[in-house]
Structure formats: C-alpha cells, structure tokens
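Only one structure is covered here, and it is reproduced in the block below.
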Amino acid sequence: MKLAGKRSNSIYKGNNNTYKKNNNIFKRNNNRFFMIIAIAGILLILFTWKVLIPGYQAVVAGKNNGYGQVTEDNGNKSGVTEDEEISKQLPIDENIEEKVKEISDDLTLGVTVEKPYPEKLVEDDGINILIMGEDKENYLYDTLGIISISREAKKVKLIMIPRDLYIKYNPKIIELLREANLADVPGVLKINYAHHIGVMLKYEGDFKTYSASFLAQIIKEKFGIKINDYVKTNLQGFRDIVDVYGGVEINVPYDMNYDDPLQDLSIHLKKGPQRLNGEQAEGFVRFRQGYTEEGEYFEIGDVGRKENQIAFIKAFASQAGTLSNIDKIPEVIKILGKNVQHSIGVGDVLTKYMSLAKDIIINKYDIEGLTLEGKMQNINGVFYIVIDDGE
C-alpha cells in the first residue's frame with residue numbers, strides 16, 4: 001500500500017534557515033476592480049484561492065452541496081470527496097477505528113500542545129479564509145495561507161504558512177500514528193500532512209470535511225486565528241486563469257531549471273523580464289530548487305518561493321486589474337467552478353462577501369503580505385520549520 005506523504009519534502013541547504021517576516025505593503029492601485037479577482041480569484045488560486053468569486057461562482061454555476069463544492073461542473077466528476085480520496089491512502093482498519101473512538105474525548109481540550117503564538121496576527125473583526133493548494137502526487141498541500149480581511153483596519157492581510165511547519169500534536173495523536181505505523185512516515189508532523197490525520201481521526205469541527213476542520217483547529221490553536229471559510233484548488237485553475245488574461249509580464253530573478261516527472265512539473269525559465277503563460281507562471285511560483293545553465297545545483301527553499309509568489313501577485317494585479325478586463329469575468333468564474341472546493345455558501349456570497357468586495361474597492365484597502373518566522377530543525381532525520389512559541 002502506498003502511503004500518502006511517503007516521499008519526504010525537499011531539504012533546504014545553505015543559510016536560508018530563518019523565515020524573515022515580510023510586512024511589505026502592496027502599492028494601492030487606482031483601479032480597485034482587481035481586488036475582486038485578486039482576493040477571490042488569482043490572488044489566491046496561487047495559494048489558493050477564491051475568497052469572493054468562489055462563492056459567487058456557486059450562484060452562477062449551481063447550488064452549493066453543503067460540502068463546499070458546487071454540484072454542477074465542479075471538477076469532481078467522480079463524486080469522490082477529498083476525505084474519501086485521502087482515506088484510501090491510509091492504513092485504517094478496525095483496530096485503528098477503535099483507537100480513534102478511545103481518544104476522541106481526549107482531543108476536546110486540543111489536538112496540539114502548542115503554546116499561543118506570541119504575536120497577534122489578525123484583527124479582531126477579521127474574516128479569515130484558509131487557502132490550500134494541493135500537491136498533485138501525494139495529496140499534500142503544496143501551499144497554505146490565510147487571507148484575513150478587516151473592515152475596521154481597511155486591510156487585506158495575506159499570511160503565508162510554511163508547508164514544512166512542525167506541529168506539536170496531542171500525545172494521543174502521536175500514539176495513534178504509532179498504532180497505524182505512520183509515525184515514521186517522513187514529514188508526518190508537518191502541517192501539510194495534517195489533513196490526512198484529520199481524516200483518520202474523523203475529526204468533526206467547523207466544516208463538513210474532516211480534513212478542513214482538523215487543519216482549521218490546528219491553526220486556531222497554533223496562531224489564535226479562527227478560520228471562517230476555506231478554499232482549496234488545484235493548479236490547473238491557476239494556469240487557465242493566467243492564460244485568460246494573456247499571461248503576465250514579470251522579471252525572473254534567476255535561471256529556473258527543474259524537472260519532476262512525478263508531479264508533471266517541468267520548469268525552464270531564463271533570467272530576465274518576460275511574459276509567462278499559465279504553464280510557465282505555475283513553474284515560476286512553484287520553483288524551490290534547480291540548476292543553473294552551468295549545471296550548478298542551488299535551492300531557494302520555501303522562503304525564496306514565497307518571495308516569488310508575492311512578486312507574481314503584484315505583477316498580475318497591476319496588469320490584469322483594469323476595467324478593460326471586465327469581460328473576462330465569466331470565463332474566470334467558469335474556471336473557478338471546475339477547479340475549486342470551498343465552504344462558502346450562496347447566502348454568504350450575497351450578503352457578507354459581495355458587500356465586503358464592494359467595501360474593499362470603495363475604501364481602497366491596503367494589501368499586506370506576511371511570512372511567518374521560523375528556523376529549520378532536523379527532527380528524527382526530517383527537516384521541519386519550527387516557529388518559536390514564545391519560550
């Protein structure tokens with residue numbers, strides 16, 4: 001049986017062992033029309049997306065089925081949910097199910113033993129949307145982030161979560177992982193594996209999927225952020241949306257050459273200014289390691305990749321956010337409908353999110369990017385990002 005997450009995530013080299021807090025304020029654009037697309041569409045199909053439009057797409061495409069998916073043309077033609085797909089990858093038998101029942105009461109006080117994060121990351125009135133981008137091969141989340149929108153502060157905050165973040169689980173969960181022979185799976189304690197554990201636990205929380213509920217609870221315990229909605233997408237939607245807008249002009253900071261047949265990923269970009277199509281843009285925002293023209297290996301890690309992702313968002317925002325692109329909205333909505341799963345209901349779109357979108361445009365909200373601090377540590381032979389809990 002192939003276990004999800006069997007392949008360990010790449011190991012960073014060099015001195016990129018500290019996440020630098022990046023509080024760059026994105027320049028406000030005169031034309032705030034793009035905010036709807038950026039916050040709802042591509043701003044987050046990148047990590048990944050759809051805050052406002054994903055729900056609006058539910059109004060256009062069909063009724064929400066209660067599981068964060070649109071019943072018509074939602075890209076899930078098999079009718080198989082993410083939880084069902086993940087469960088197929090896990091060694092769950094009667095003994096494990098019995099063990100899950102035994103420890104369920106012990107998890108009411110918390111699924112982690114994390115101490116509160118020492119800093120306040122979001123405003124009290126913030127609406128917080130969890131965004132997830134899935135790795136094609138392992139059902140792992142390649143990208144994780146939170147969009148927090150505050151009316152009072154007139155600000156949209158994008159918080160990037162390291163996918164290699166180490167999670168200090170409740171000892172009962174660690175015991176369960178041992179029982180299931182998963183404790184030694186490389187990266188099992190990384191946050192991008194957490195949704196697998198949520199499915200195994202059949203964790204019931206704020207959402208109708210075990211995976212999203214469990215991940216949201218971890219974020220609440222670790223960072224003190226209450227997740228109001230979630231959006232999960234694959235990268236096909238990202239590629240298609242970039243192509244709808246005719247690509248994006250961006251300065252590639254260095255040669256990017258990397259091939260990974262397992263992920264159907266082939267990145268070959270020259271250093272310098274250029275226009276990237278959807279496939280090339282995917283390579284740009286996913287690049288973590290590769291080779292120079294001279295064949296020299298180098299690695300930018302998650303830190304460098306997130307810097308490139310922010311650069312891409314800024315470039316796309318300035319180029320796609322024009323009134324001349326209004327006619328592209330129907331095609332964007334169609335793409336989102338095929339590639340997005342979310343928890344946003346039709347009622348929320350018509351009340352909360354559409355009103356919020358209007359306020360963002362009229363009041364010209366600032367957009368702030370934040371990457372959390374942490375240090376690389378080798379734990380049982382696996383490299384994790386460990387974020388200080390204030391000790």
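In my numbering, the protein residues as written are 1 to 391. For every residue, glycine included, the Cβ atom is placed at its ideal position computed from N, Cα and C. Since this is a predicted model, take the numbers as computed values, not measurements.
Since G206 and I129 should fall inside the 8 Å C-beta cutoff, what is the C-beta to C-beta distance between them, to a whole number of angstroms? Gly is not the amino acid found at residue 206; the sequence shown has Asp there. For a cut-off of 8 Å, the C-beta gap from D206 to I129 is around 13 Å, too long to register as a contact.
Straight-line Cα distance separating Y166 from E94: Computed Cα separation, rounded: 29 Å.
Taking 7 Å as the threshold (C-beta atoms), are D302 and P162 in contact? Going by C-beta atoms, P162 is nearer than 7 Å to D302.
With a threshold of 8 Å, are at least 3 pairs of Cβ atoms found where one atom belongs to the stretch 117 to 126 and the other to the stretch 88 to 106? Output reads no: the stretch 88 to 106 does not touch the stretch 117 to 126.
Just to confirm before moving on: does the CB-CB distance between F284 and L276 stay below 7 Å? A contact, by the Cβ cut-off of 7 Å.
Please determine if the stretch 369 to 382 and the stretch 259 to 266 are in contact, where contact requires at least 3 C-beta pairs separated by less than 8 Å. They do not touch, by the three-pair rule.
Quick check on S266: does DSSP put it in helix, strand or coil? S266 falls in the strand class under three-state DSSP.
Quick one: Cα of V332 to Cα of L176, how far? In a straight line, the C-alpha of V332 is about 43 Å away from that of L176.
Is the CB-CB distance between Q236 and N308 below 7 Å? Against a cut-off of 7 Å, the Cβ pair of N308 and Q236 comes out as no contact.
Do E204 and G110 come within 7 Å of each other at the CB atom, strictly closer than that value? At a Cβ-Cβ threshold of 7 Å, G110 and E204 do not count as neighbours.
Helix, strand or coil for S353, going by three-state DSSP, please let me know. Residue identity check: residue 353 is Tyr in the sequence provided, not Ser. Reduced to three states, the DSSP call for Y353 is helix.
Rounded to the nearest angstrom, what separates D164 and A212 at their Cα positions? Each residue's Cα considered, the two are about 18 Å apart.
Going straight from the alpha carbon of I367 to that of D184, what length do you get? Between I367 and D184, the C-alpha separation is close to 40 Å.
Skipping 5 residues on each side, what residues in its chain have a beta carbon closer than 6 Å to that of D83? So the qualifying residues of the chain are V199, T209, Y210 and S211.
Could you work out which residue in D255, I310 and G145 is closest to E294 when comparing CA atoms only? Cα-wise, what sits closest to E294 is D255.
Between K190 and the rest of its own chain, which residues show a CB-CB distance below 6 Å, the 5 nearest in sequence each way excluded? So the list reads D164, once near-sequence residues are dropped.
Whole-number beta carbon distance between I146 and I127, since they are thought to touch under 8 Å: I127 to I146, Cβ: 11 Å. No contact.
Tell me which residues share the same chain as E85 and place their Cβ nearer than 8 Å to its Cβ, disregarding the 5 neighbours each side in the sequence. Answer for E85: Y139, listed in chain order.
Can you grab the Cα-Cα spacing for the pair Y141 / I219, in whole Å? The alpha-carbon atoms of Y141 and I219 are separated by roughly 14 Å.
V248 to Q319 span [Cα, whole Å]: Within the model, the alpha-carbon separation for V248 versus Q319 is close to 7 Å.
Could you check which residue in Y297, K352, K202 and V252 has the C-alpha nearest to that of I96? Of the residues Y297, K352, K202 and V252, the one whose Cα lies closest to the Cα of I96 is K202.
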